[in-house]
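Shown next, in the form of structure tokens:
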């Protein structure tokens, strides 16, 4: 078997080599390694010590839940990146468009109004950032 000191040492060695290290555990003996790891994962029937030392607690038995959590978080992160890129590009278009209009027609649009329009547009775009 593997003793708790070996688990902690393994996590420490992996991190020393600049690896991102995850650790799963269920007992009091796993708590130091769970705390040391970049992400500590306590399984469904873990002790309170393991749960408090970990960053994530699985609610269902088995480790396949980790895969679905990683896939879901990657999808959420990608959606956030897409929304951010879209919102920034639209805001730039709005500001440049109003700047061009102000230069061509020499209108008297205060800069504060351009900011208000950009913020209101971002608010409406947020409604389409949700799936359901």
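In UniProt numbering, the protein residues as written are 1 to 132.
We treat Cβ as the ideally placed atom computed from N, Cα and C, and that holds for glycine.
Model, not experiment: these values are computed from the prediction.
query	result
Contact check, residue 58 vs residue 42 under 8 Å by CB: the rounded distance?	7 Å
Since I believe residue 7 is in contact with residue 30 (beta carbons under 8 Å), could you give me their beta-carbon distance rounded to a whole number of angstroms?	6 Å
Check whether the Cβ atoms of residue 27 and residue 47 sit closer than 9 Å, and answer yes or no.	yes
Using only alpha-carbon positions, find the residue among 71, 65, 64 and 25 that is nearest to residue 50.	25
In this structure, how does DSSP classify residue 42 when only helix, strand and coil are distinguished?	strand
Please state whether the Cβ-Cβ distance between residue 91 and residue 118 is less than 9 Å.	yes
Is residue 3 helix, strand or coil by DSSP?	coil
From what residue to what residue does the alpha helix (DSSP H) around residue 123 run?	111-126
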